[in-house]
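Those letters in the sequence shown? Residues 16 to 168, by the working numbering.
Report on one structure; see the data block that follows.
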Amino acid sequence: MKRSGRVWRDVLFAALLGLLLLVPLKTAYAQSPDSAIKQVLADQVSAWNQGDIDGFMHGYKESPETTFVGKTVQHGWQKVLERYKRNYPTKEAMGTLDFSDLEVRMLDAEHAVATGKYHLARSAAGGGEASGVFSLVWEKSAEGWRIILDHTS
């Protein structure tokens, strides 16, 4: 009987030790908000450069409150999508997108601001070169980090 109790104690000790060792590993492999947001931006660039506006829009929160501020103000994910499709109807009009000078600043545990520069390399027929700056307000959700406000000029 004593031997059985020791075995269970040893098994329990080994299991607890294993759990304690796994917690730091999980934390070490968790992506920081900065890295996660930059990954969403990299995914957007990839989708854009493939001519995939729908894929590009995965970076935005699918909500009626999502807002795009440019020459006009668009409220709602669907209206932002329609704006992109109207303004960039072809792969030639979309050109090749690049982001630079990216900076991410946390506002709280679930909100961040990212700023940077964009550049669109396009032929004259596609609308010519375009570049500017942007600021993006991000919100963390079950789906990950998503843009809730985009101010691009």
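From the three backbone atoms N, C-alpha and C, an ideal C-beta is built for every residue, glycine too.
Pairing F71 with A62 gives a Cβ-Cβ distance under 7 Å.
Listed as beta-bridge partners of Y75 by DSSP are I162. Here D67 carries a coil assignment [DSSP, helix/strand/coil]. Residue burial is scored here from C-beta neighbours: T81 has at least 16 other C-beta atoms within 10 angstroms and is therefore classed as buried. Assignment of Q89 by DSSP, reduced to helix, strand and coil, places it in the strand class.
DSSP places E107 inside the alpha helix (DSSP H), whose first and last residues are 106 to 109. Looking at the DSSP output, K155 bridges to W160. Here A45 carries a coil assignment [DSSP, helix/strand/coil]. Of the residues Y103, A51, G131, the one whose Cα lies closest to the Cα of H166 is G131. In the DSSP assignment, the residues bridged to L112 are L135.
Shown here, S61 sits in a helix according to DSSP, grouped into three states.
With respect to the 7 Å criterion, Y99 and I68 are classified as neighbours on the basis of their beta carbons.
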